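One structure below.
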Amino acid sequence: MNDSLMPGLSVVIPAYRSAANLPDLVRRLARVLPGLAADYEVVLVNDGSGDDTWGVICALAVEHGFVRGINLMRNYGQHNALLCGIRAARYDRTITMDDDLQHPPESLGVLVAGLTAERDVVYAAPEKEQHGMMRDFASVVTKFALQNAMGAETARMVSAWRIFRTKLRGAFASYGSPYVCIDVLLTWGTTRFHAIVLPHAPRTRGESNYTSAKLFRHALNMMTGFSTMPLRFASFLGFGLTLFGVLILVYVLGRYILEGSAVAGFPFLASTIAIFSGAQLFALGIIGEYIARMHGRLMERPVYVVEDERTREYARPAGDT
Numbered sequence: 188m189n190d191s192l193m194p195g196l197s198v199v200i201p202a203y204r205s206a207a208n209l210p211d212l213v214r215r216l217a218r219v220l221p222g223l224a225a226d227y228e229v230v231l232v233n234d235g236s237g238d239d240t241w242g243v244i245c246a247l248a249v250e251h252g253f254v255r256g257i258n259l260m261r262n263y264g265q266h267n268a269l270l271c272g273i274r275a276a277r278y279d280r281t282i283t284m285d286d287d288l289q290h291p292p293e294s295l296g297v298l299v300a301g302l303t304a305e306r307d308v309v310y311a312a313p314e315k316e317q318h319g320m321m322r323d324f325a326s327v328v329t330k331f332a333l334q335n336a337m338g339a340e341t342a343r344m345v346s347a348w349r350i351f352r353t354k355l356r357g358a359f360a361s362y363g364s365p366y367v368c369i370d371v372l373l374t375w376g377t378t379r380f381h382a383i384v385l386p387h388a389p390r391t392r393g394e395s396n397y398t399s400a401k402l403f404r405h406a407l408n409m410m411t412g413f414s415t416m417p418l419r420f421a422s423f424l425g426f427g428l429t430l431f432g433v434l435i436l437v438y439v440l441g442r443y444i445l446e447g448s449a450v451a452g453f454p455f456l457a458s459t460i461a462i463f464s465g466a467q468l469f470a471l472g473i474i475g476e477y478i479a480r481m482h483g484r485l486m487e488r489p490v491y492v493v494e495d496e497r498t499r500e501y502a503r504p505a506g507d508t
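See the structure below:
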């Protein structure tokens, strides 16, 4: 990674099955970026797409001198692809945006202007979520997990459309876990976050690759990969059930002393055992999630592997991670 950053703008876009969208997106960026910075680049990271996305990126790199293409060996996930592009950025400000045309390039000027001297990261929060009920609920859960992991109120307004100072990547230059969350990693370098509301366009082609299940999984990865909240919750649960057990014992002994009769046997005992055994398995499951992530780190799985790079001037074969 080159730490000698030049003044300008780097736009990082992870691309997955977006061959139909990229030409229009790059064409619109080509109209907007010259008015925002003297020097700029668009880094398109192909995240193991099954269609002709990489072929389209190669053609765009030949047509536009500001386009750089990076092809990953396989699909690693949006945040991993973003990390790859962020590490490849050459200019002092980095913008990240999606490949589905829901982040209008024509609004980039507002986002760039929002990165003032008092701010290091600015999010473009949507005016209104463009998803269904289940997806919106999953998004709320994810942002709650993100707020706990980030420790910032701005987490409730995060989006994939953001601008930040590229030098922040120095805070996570050595990060090597396969579980990546760019928003949490940015908190390792700054606490100066801000969010502005910008219109997000409705999707016109294809469907979102982020299903509700993937969002819930991402929330779980954030909570167990960047926060001790689940372990703390398991501790509180254990303390609460211990107190509950003590109260049951007081009730049983008190009834025996005052009334001379014991509490009805099997149903009471079975329900109590079920509560305590369920809590134990729940706590073990949480611990297991942390152990699984430790195991992943010990295996030294790469965050991503670059297969190829393309610009108008050169093509470089891979091996970089």
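Here this note's numbering runs 187 ahead of the position in the sequence shown, where the first position is 1. Positions of the beta carbon are idealized from the N, C-alpha and C atoms, including for glycine. Predicted, not measured: the structure shown is a model, and the values here were computed from it.
Top-ranked residue by Cα proximity to residue i, from the options
i, options, result
"D287", "E496, A388, S464 and T303", "A388"
"R499", "G242, F253 and G222", "F253"
"R488", "A479, D495 and E496", "A479"
"I383", "G296, I435, N233 and A275", "G296"
"H251", "R419, P210, A202 and E496", "P210"
"V213", "R204, V229 and L373", "V229"
"R277", "T377, S191 and Q265", "S191"
"T459", "I435, A358 and Q289", "I435"
"G432", "G195, F463 and L220", "F463"
"Y310", "Q289, D370, F359 and K354", "D370"
"I473", "E446, K354 and F420", "F420"
"T303", "R442, H381 and L456", "H381"
Rounded straight-line distance, which links the Cα of residue j to that of residue i
i, j, result
"Y362", "L440", "56 Å"
"Q467", "G425", "8 Å"
"N189", "R352", "With a pLDDT of only 49 at N189, under the threshold of 50, the placement of this residue in the model should not be trusted; the figure read from the coordinates follows. When rounded, the distance between both Cα atoms is 14 Å."
"E261", "S236", "In the sequence as displayed, the identity of residue 261 is Arg instead of Glu. About 8 Å."
"L430", "W375", "38 Å"
"V437", "A461", "19 Å"
"L247", "P417", "45 Å"
"L233", "G427", "Checking the displayed sequence, the identity of residue 233 turns out to be Asn instead of Leu. Answer to the nearest angstrom: the Cα atoms are 48 Å apart."
"P365", "Y477", "14 Å"
"L220", "V345", "23 Å"
"A505", "P201", "Any reading at A505 must be qualified, since the residue scores a pLDDT of 49, below 50, and its modelled position is unreliable; the value itself is stated next. Those two C-alpha atoms are separated by around 18 Å."
"A225", "R218", "13 Å"
C-beta atoms of residue i and residue j nearer than 7 Å
i, j, result
"L298", "V367", "no"
"R356", "D307", "no"
"N267", "V493", "no"
"P313", "R215", "no"
"D495", "N208", "no"
"D239", "A275", "no"
"V198", "I273", "no"
"A347", "D285", "yes"
"T256", "Y227", "For the record, residue 256 in the displayed sequence is Gly; it is not Thr. Against a cut-off of 7 Å, the Cβ pair of Y227 and G256 comes out as no contact."
Cross-strand partners of residue i (DSSP beta bridge)
i, result
"R352", "R280"
"D211", "DSSP output for D211 lists no bridge partner at all."
"P365", "Answer by DSSP bridge pairing: none, since P365 is not bridged."
"F380", "V308"
heavy atom of the ligand MN below 6 Å from residue i C-beta
i, result
"L295", "Although the ligand MN was asked about, the structure shown includes no ligands whatsoever."
Ordered list of beta strand (DSSP E) runs contained in the region 242-298, each at least 3 residues
Whole beta strand (DSSP E) segments, 3+ residues: 254-259 and 278-283.
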